[in-house]
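Protein chains in written order, with the numbering used here: chain A, 1 to 385; chain B, 386 to 844. The C-beta atom is built at its ideal place from N, Cα and C for all residues, glycine as well. As the structure is a computational prediction, the values presented were derived from the model and not from experiment.
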Amino acid sequence: MKNYFNKIKKLKNYPLLLLFFTFILSFTIIDIISPDKEFSDLENKFLQMTPEFSYDKFVKNEYVPKYERYINEQFLFRNKWINLKSRSEFYLGKTENNGIVYGKDGYLLDKTQNINEKQLKRNIESIKKFIEMYSDANIKFALIPNSYEVLKEKLPLGLKLYNQAGLIENVYNEYSTYDNVTTLDFLSLMNEHENEYIYYKTDHHWTTLGAYYAYIDFMKSVDKQYVDVDDLKTNEVEFFLGTYYSKAKKFNAQFDDITYYDVEIANMLIGDKEYKDIYDYEKFNVRDKYAAFIYGNNDLTVIKNKGSLNKSEDKKTKVLIIKDSFGNSFVPYLTYNYDEVYVLDLRSNSKKVSEIMETCDFDDVLIMYSVNNFIDDVNLIRATY
Amino acid sequence: MVFSSIVFLFRFLPIVLLIYYLIPNKCKNLSLLFFSLLFYSWGEPKYFFIMIASICVDYTLSLIIDNNRDKKLLCKVALLLSIMFNLGMLLFFKYYDFFIVNINKVFGLNISLLRLILPLGISFYTFQTMSYTIDVYRGKVKAERNIINFGTFVTMFPQLIAGPIVKYTDINVELKERKINYSQIQDGAETFILGLGRKVLIANNVGMLWDEVQTLGFSNISTPLAWLGVLAFTFQIYFDFSGYSLMAIGLGKMLGFNFPQNFNYPYISRSATEFWRRWHMTLGSWFREYVYIPLGGNRVGPFRKYFNIVLIWFLTGFWHGANFNFMLWGLMFAVLLIVEKRGFNKFLDKYRVFSHIYLILMVMLSWVLFSLTDLGQVAQLYKKMFIFTGGLDFIYYIRNYFVILVIAGILSTPVLKNIFNKVSKDANWIRISVTAIILILSVAYLVDATYNPFLYFRF
């Protein structure tokens with residue numbers, strides 16, 4: 001026993017050994033006993049929870065990858081470690097992290113350099129088929145440029161990113177022969193306003209203002225009067241950190257402000273659920289604030305309005321918008337122009353599009369995707385079901 | 386499992402070490418064998434049985450050899466079986482598909498491929514066990530009678546998947562009796578941390594640059610960026626591999642084993658000959674001992690001598706991967722070595738600066754061959770490197786990677802290590818703090834790891 005004690009006493013002559021073992025042992029023990037977290041606010045994602053072990057899963061190698069993710073994502077002081085990495089990258093002179101570029105004036109920008117050509121082709125074809133299927137419909141098609149395309153001036157010197165302008169032109173050309181579809185030139189529109197706050201700094205979406213310019217453009221294309229934002233009551237929500245921040249985890253990122261306008265509606269139906277408001281106000285208090293707009297991405301959302309600017313006596317005016325999440329902050333404006341607004345998100349769509357198209361007689365149909373989503377989204381094919 | 390992961394650092398390692406240090410010496414090998422098998426099967430439970438087969442076959446055949454010294458023929462047959470078994474495994478898992486693809490191409494056949502996942506570390510442990518049987522046959526060592534000891538040697542987790550290639554004769558004494566003391570454990574911990582830092586902080590970081598250059602596509606980049614990319618890979622492969630070897634050596638030390646050194650600042654070499662004395666040293670010496678010297682080495686006629694060099698470097702290249710680019714990579718070094726042996730080395734000896742530039746240039750060009758399995762891509766990159774294309778794209782990447790490239794450059798030379806060793810005599814705390822910072826930063830990078838490739842899975 002005395003011998004044993006002496007051995008331990010001698011340890012103090014080996015500081016590095018002590019340090020190393022204290023470090024890995026204490027972290028291991030505390031990490032094991034500390035409770036797991038379900039959600040990471042910093043990264044805006046759900047974390048892996050304890051995976052269930054079974055011999056079968058182990059042999060099929062389904063257990064180990066999950067377990068490793070679990071250990072990584074639940075690691076003690078995860079956010080502090082991430083912050084430390086972000087800081088050291090900063091001191092190394094890095095102007096990017098995890099595929100997000102740090103642009104000028106606090107703008108975080110997506111670093112798209114290559115695209116999935118195959119999926120893009122498939123998506124172009126799906127929309128073509130949709131246009132052919134509904135030759136009587138009055139379809140507008142719009143691709144929304146992502147912020148890095150419009151805010152080129154904010155990119156660091158020498159960084160070449162994917163050319164969205166060329167892609168938009170090519171896609172639009174594919175549809176130029178059809179009479180029932182008009183393409184909307186959002187790129188020129190956004191370029192005109194590039195010095196305004198039209199894209200979030202820390203999020204991949206356009207701001208409510210960016211969506212507003214697009215809305216005007218759409219209204220002009222369908223020959224309808226548009227609402228003036230100056231007539232609406234404006235609300236600001238501060239301290240928004242979006243998806244780009246979640247990826248890059250930049251320790252000194254600047255906050256965004258979210259603007260929303262008071263919009264009065266009769267009701268909003270998402271599935272069988274009825275809502276009185278078009279915004280999910282609770283979401284303005286949490287990290288993922290953008291999800292407040294029309295309650296995030298849902299299957300089919302039907303908004304009935306109190307009175308539209310373009311009231312027609314004999315018939316209800318209806319619009320269908322097939323969209324990605326960029327559409328969420330765009331939709332509120334439409335409530336001023338149509339009696340009923342149908343919003344379809346194909347990513348969570350369980351209803352058949354053909355059924356909706358047949359039962360409702362839409363005045364206008366708008367298909368609107370951001371370029372990056374239009375390239376990658378595997379659900380566009382559902383538009384033809 | 387790989388060393389550079391949170392699971393290894395904060396689950397596997399502390400548990401293994403704790404148990405290993407607490408149990409009596411008699412049981413240490415058994416626990417090591419058990420944990421090594423767990424380590425090995427962790428990601429690929431299927432291949433557990435290959436490992437067991439490997440242990441049993443070489444164990445039995447070596448015993449047969451050792452017990453029947455007077456029956457020359459039997460010994461020969463046993464040795465041959467062992468070599469055939471080991472090479473057969475390697476050929477089957479690593480090269481089968483490559484041969485079939487090419488046979489199909491040449492003869493217009495349509496034999497189907499197996500598309501097997503390469504068992505972890507198979508290139509390393511087949512070489513280790515082969516050298517064991519050969520050494521027993523040669524009478525250099527007695528066969529290991531304790532199968533737990535032998536199994537421990539074959540599977541020992543520190544060096545199991547990426548070397549260094551540890552011959553049985555390197556550690557046979559330690560396998561039976563080893564002293565583990567504080568100072569050795571501390572040394573081991575320090576070596577391990579330095580290796581971890583090399584891998585996680587440097588290799589992963591510069592590796593991203595090489596990856597980016599690849600994603601941009603060699604036809605879309607400027608000539609300066611092409612060179613920058615190749616420089617990045619040059620650092621990545623070195624820091625990844627040497628970092629991993631260092632981690633292995635450090636872990637070995639913590640467990641009471643002294644593994645051979647695997648890298649000795651290869652990029653300060655002044656000739657290809659010297660480079661191969663400093664790069665992946667255990668592989669080089671393995672080929673020398675078990676192939677080159679049996680073939681007659683350089684004590685043969687000039688033609689045969691050069692043939693031997695070509696053969697050895699062809700095999701060295703092919704060992705790295707089942708593809709033509711690896712063969713070409715090996716052959717490129719064979720040519721350099723022969724040119725140097727024919728008298729170029731005398732020239733290199735005279736011009737210090739030139740010889741450094743020559744070597745690093747040749748090494749960088751060789752890494753192009755090494756890193757790209759598609760020969761069309763190789764040609765494209767060479768073209769980009771030597772036919773000038775302007776552009777400003779490199780500015781962005783220089784800005785992002787300048788600091789890390791400079792650090793990598795400095796750490797490729799022994800300068801810092803010499804300072805480190807001098808300083809530690811008077812101010813141990815500097816040494817300790819630097820090591821602690823490296824450890825903490827490595828963990829931070831591992832927690833937020835979006836890029837942590839393991840270059841040796843295909844070996």
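TODO: Check each candidate in A:327, A:26, A:346 and name the one with the smallest Cα separation from residue 76 of chain A.
DONE: Out of A:327, A:26, A:346, A:26 has the C-alpha closest to the C-alpha of residue 76 of chain A.
Task: For residue 395 of chain B, the three-state DSSP class (helix, strand or coil) - done: helix
- [ ] Consider the Cβ of residue 626 of chain B: report whether some Cβ of chain A lies at a distance smaller than 7 Å.
- [x] No, residue 626 of chain B does not count as interfacial toward chain A.
- [ ] Would you verify that the beta carbon of residue 428 of chain B is, or is not, closer than 7 Å to some beta carbon of chain A?
- [x] yes
Task: residue 259 of chain A: first and last residue of the uninterrupted beta strand (DSSP E) it sits in - done: 256-261
Open item on the list: Pop quiz: residue 268 of chain A and residue 303 of chain A are said to be a contact at Cβ under 8 Å. What is the actual Cβ separation, rounded to whole angstroms?
Closed with: 5 Å
Open item on the list: Restricting to Cα atoms, I'd like to know which of A:23, A:29, A:175, A:204 is closest to residue 109 of chain A.
Closed with: A:204
Task: Option nearest residue 705 of chain B by Cα separation, candidates B:771, B:752, B:837 - done: B:752
Open item on the list: So for residue 528 of chain B, helix, strand or coil by DSSP?
Closed with: coil
Task: Separation of residue 449 of chain B from residue 530 of chain B, as counted between CA atoms - done: 11 Å
Task: Bounding residues of the alpha helix (DSSP H) (the contiguous stretch that carries residue 578 of chain B) - done: Going by DSSP, residue 578 of chain B is part of the alpha helix (DSSP H) stretching over 567-582.
Task: Residues in the segment 777-795 of chain B having any Cβ partner in chain A nearer than 9 Å - done: Listed by position, the residues of the segment 777-795 of chain B near chain A (Cβ gap below 9 Å) are 777, 778, 779, 780, 781, 782, 783, 784, 785, 786, 787, 788, 789, 792.
Open item on the list: I believe residue 533 of chain B touches residue 414 of chain B by the beta-carbon criterion, under 8 Å. Please report the beta-carbon distance rounded to the nearest angstrom.
Closed with: 5 Å
Open item on the list: Between the segment 630-641 of chain B and the segment 650-663 of chain B, can you find at least three pairs of beta-carbon atoms closer than 8 Å?
Closed with: no
Task: Cβ distance (whole Å) where residue 264 of chain A is taken to contact residue 318 of chain A below 8 Å - done: Not really, about 19 Å apart at Cβ, beyond 8 Å.
Task: Buried or exposed (CB count within 10 angstroms, at least 16 for buried), residue 564 of chain B - done: exposed
Task: Beta-carbon proximity check, residue 47 of chain A vs residue 60 of chain A, cutoff 7 Å - done: no
- [ ] Indicate whether residue 142 of chain A and residue 368 of chain A have their beta-carbon atoms separated by less than 7 Å.
- [x] yes
Open item on the list: 7 Å is my cut-off, CB to CB: does residue 829 of chain B come that close to chain A?
Closed with: At a cut-off of 7 Å between beta-carbon atoms, residue 829 of chain B makes contact with chain A.
- [ ] Using a cut-off of 7 Å between C-beta atoms, extract the partners of residue 31 of chain A located in chain B.
- [x] 395
Open item on the list: With a threshold of 6 Å on Cβ separation, who are the neighbours of residue 256 of chain A within its own chain once the five nearest residues in sequence on each side are excluded?
Closed with: 200, 201, 202, 240
Open item on the list: Using only the alpha-carbon positions, how far apart do residue 779 of chain B and residue 750 of chain B sit?
Closed with: 19 Å
Open item on the list: At 4 residues or longer, what runs of the alpha helix (DSSP H) sit wholly inside the segment 409-461 of chain B?
Closed with: 410-426, 433-452
Task: Boundaries (first-last residue) of the alpha helix (DSSP H) holding residue 483 of chain B - done: In the DSSP assignment, residue 483 of chain B falls within the unbroken alpha helix (DSSP H) covering 481-492.
Task: Every unbroken beta strand (DSSP E) within the segment 121-153 of chain A, with a cutoff of 3 residues, ordered by chain - done: 139-144
- [ ] Determine the extent of the beta strand (DSSP E) in which residue 235 of chain A is found, giving its start and end residues.
- [x] 234-240
Open item on the list: Assuming contact is defined by CB atoms lying nearer than 7 Å, are residue 428 of chain B and residue 229 of chain A in contact in what I supplied?
Closed with: no
Task: Member of B:583, B:541, B:807, B:804 whose CA lies at the smallest distance from the CA of residue 790 of chain B - done: Per the Cα distances, B:583.
Open item on the list: Between residue 115 of chain A and chain B, is any beta-carbon pair separated by less than 7 Å?
Closed with: Residue 115 of chain A does not count as touching chain B.
Open item on the list: Please tell me whether residue 672 of chain B and residue 714 of chain B are closer than 7 Å, where the distance is taken between their beta carbons.
Closed with: no
Open item on the list: Here's the rule I'm using: 16 or more other beta-carbon atoms within 10 Å means buried, otherwise exposed. How should residue 548 of chain B be labelled?
Closed with: buried
Task: Neighbouring residues, chain B, relative to residue 367 of chain A (Cβ below 9 Å) - done: Within chain B, no residue has its beta carbon less than 9 Å from that of residue 367 of chain A; the closest one is some 30 Å off.
- [ ] Determine which residues of the segment 550-583 of chain B have a Cβ less than 8 Å from any Cβ of chain A, and write them out in chain order.
- [x] 567, 568, 570, 571, 574, 575, 578
TODO: Check the Cβ-Cβ distances between residue 287 of chain A and every residue of chain B, and say whether any is below 7 Å.
DONE: no
Task: Proximity to residue 397 of chain A [Cα-Cα], best of A:183, A:245, A:261, A:14 - done: Residue 397 of chain A is absent from the model: chain A starts at 1 and stops at 385.
Open item on the list: For residue 364 of chain A, list the residues DSSP reports as bridge partners.
Closed with: Answer is A:319.
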